[in-house]
Amino acid sequence: MPELPEVEVVRRGLDEWISGRTIDTVRVLNARAIRQHEAGRADFEKRLWGRVVVSVERRGKYMWLVLDDDSAIVTHLGMSGQVLVQELDAEPEKHLRIRFTFTDGGRAMHFVDQRTFGGMAIDDLVTQDGLRVPESVAHIALDPLNPAFSPEDFVKRIRAKNTEVKRALLDQTLMSGVGNIYADEALWRAKLHWATPTNRLSKPKALELLAHATEVMSEALAVGGTSFDSLYVNVNGESGYFSRGLNAYGREDEPCYRCGRPLVRDAFMNRSSFRCPTCQPKPRGIG
DNA sequence: CCTAACTCCTGCATGC
DNA sequence: TGCATGCAGGAGTTAG
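According to the numbering used here, the first sequence is numbered sequentially starting from 81.
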């Protein structure tokens with residue numbers, strides 16, 4: 081599943097391959113792939129004709145192509161989304177949803193998404209705290225790789241919440257970019273159970289958890305960046321190029337790398353959570 | 001205001 | 001073999 085590091089790899093590839101080019105044709109093959117566009121797919125296609133892609137930006141798991149008319153193509157990969165840069169005569173992918181060509185006659189950009197949890201939307205840019213950001217992304221918190229991210233604010237806000245720590249990690253309005261995989265990894269490194277109440281975290285513990293989340297995503301990005309084939313702006317979260325580096329996620333019944341005890345899987349929030357029963361015991365007074 | 005359950009979707013694995 | 005069921009889960013929406 082694409083989380084911050086995977087989306088950042090895609091962003092870098094698109095910035096290299098698409099920025100500076102002028103959009104020619106846009107074909108929406110599945111209406112579900114465009115979001116918040118009441119005017120429909122024909123209008124979506126028409127509005128993008130002739131626009132220049134200025135740059136490609138990102139906040140958390142959201143990415144957007146900045147256009148030359150103060151708007152942007154906001155993109156979220158959802159669970160299975162990919163953005164591919166393909167030859168013009170390439171065979172269409174089975175789950176190709178939106179296809180862009182450019183006036184220079186070079187490679188096309190394909191938005192491919194099997195489960196259609198992802199999508200693209202045209203949105204206006206607004207100014208927020210001195211940063212230009214699509215209106216629909218303004219409610220999302222900065223991610224910890226953003227230089228303007230404030231650890232102190234994050235610690236203050238997470239400790240003020242009345243919820244479980246994993247829910248807070250997945251809350252994109254607190255800190256963005258973390259999904260189920262990196263949440264489990266950060267909790268394993270911090271030796272915290274997913275159900276630990278956030279208001280029971282000390283300031284140092286909250287800071288430590290944040291540092292682990294930041295570090296695990298930075299490490300994944302470093303690995304993804306080196307294995308990235310720039311011809312194909314392609315991230316497949318399911319194959320997971322970072323899977324060798326995972327200590328918790330997907331390791332049910334496998335030994336903990338710290339203590340050797342088999343990890344367990346808990347059902348939580350309609351998804352799976354993996355933890356070490358010894359290193360990450362259930363906190364006192366829970367459940 | 002806050003928190004949490006619900007919902008969208010397709011392909012694959014599993015069980016009877 | 002075939003069909004039903006479960007599972008993967010990000011985030012907007014809705015309910016309380």
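Backbone N, C-alpha and C define an ideal beta-carbon position, used for all residues, glycine too.
So, using beta-carbon positions, are residue i and residue j closer together than 8 Å?
i: L225; j: L84; result: yes
i: P227; j: L290; result: no
i: F348; j: K246; result: yes
i: S256; j: F197; result: no
i: L109; j: L176; result: yes
i: G325; j: A300; result: yes
i: E88; j: R138; result: yes
What residue range does the alpha helix (DSSP H) around residue i cover?
i: G93; result: 84–97
i: R121; result: 121–128
i: I202; result: First-last for I202: 199–208, but that is the beta strand (DSSP E), not the alpha helix (DSSP H).
i: E249; result: The sequence as given places Leu at residue 249; Glu does not occur at that position. Looking at the DSSP string, the run of the alpha helix (DSSP H) that includes L249 is 245–250.
i: F234; result: 231–240
i: W268; result: 260–270
If I measure Cβ to Cβ from residue i and keep anything under 8 Å in the same chain, skipping five residues before and after, which residues do I get?
i: L343; result: A328, R331, E332, D333, E334, P335, C336, F354, R355, C356, P357
i: W345; result: Sequence check: residue 345 is Arg here, not Trp. Excluding sequence neighbours, R345 sits near E332, S352, S353, F354.
i: R101; result: V132, V133, F182, T183, D184, G186
i: L205; result: V146, D150, S151, A152, R212, V213, P214, E215
i: R237; result: L254
i: E244; result: W274, A275, T276, P277, T278
i: D309; result: Because the pLDDT of D309 is 41, which lies under 50, any placement of that residue in the model is unreliable, and the number read from its coordinates should be weighed accordingly. Here the set comprises nothing.
i: P363; result: H273, A275, T276, P277, R280
i: F124; result: V106, V108, I114, H117, I202
i: R121; result: V108, A111, I114
i: E173; result: L164, H190, V192
With a CB to CB cut of under 6 Å and the five nearest residues on each side skipped, what residues in its chain are close to residue i?
i: N293; result: Reading off the sequence shown, one finds Ala at residue 293, where the question assumed Asn. Excluding positions up to five away in sequence, the list reads V258, A266.
i: L147; result: R131
i: D104; result: T181, F182, T183
i: D95; result: V136
i: Y262; result: E83, V296, M297
i: Q194; result: S160, H175
i: W268; result: N327, A328
i: L157; result: P82, G198
i: H190; result: L164, Q166, L176, R179
Here's the rule: buried if 16 or more other CB atoms are within 10 angstroms of the residue's CB, otherwise exposed. What is residue i?
i: D184; result: exposed
i: K141; result: buried
i: R112; result: exposed
i: A201; result: buried
i: S282; result: exposed
i: D209; result: exposed
i: I366; result: exposed
i: H219; result: exposed
i: Q360; result: buried
i: D233; result: exposed
i: G317; result: Only weak support exists for where G317 lies, its pLDDT of 34 falling under 50; the value from the coordinates is given anyway. Label assigned to G317: buried.
i: N350; result: exposed
i: Q116; result: exposed
i: G199; result: buried
i: A368; result: Examination of residue 368 is not possible in this model, given that the chain is present from 81 through 367 alone.
i: A119; result: exposed
Which residues in the same chain have their Cβ closer than 7 Å to the Cβ of residue i, if we skip the five residues on either side of it in sequence?
i: F229; result: L222, D223
i: R92; result: none
i: Y312; result: In this prediction, Y312 has a pLDDT of 41, which is less than 50 and means its spatial position is unreliable; nothing more can be read from the coordinates.
i: D203; result: S151, A152, V154, P214, E215, S216
i: N242; result: N279
Between which two residues does the beta strand (DSSP E) harbouring residue i extend?
i: W144; result: 142–147
i: R138; result: 133–139
i: S256; result: Where S256 is concerned, there is no enclosing beta strand (DSSP E), given that its DSSP letter is neither H nor E.
i: M189; result: 188–193
i: D184; result: Here D184 belongs to no beta strand (DSSP E), and DSSP marks it neither H nor E.
i: Q116; result: Element bounds for Q116: n/a, residue is neither H nor E.
i: T155; result: 151–156
Three or more C-beta pairs below 8 Å linking the region 266–281 and the region 168–177:
no
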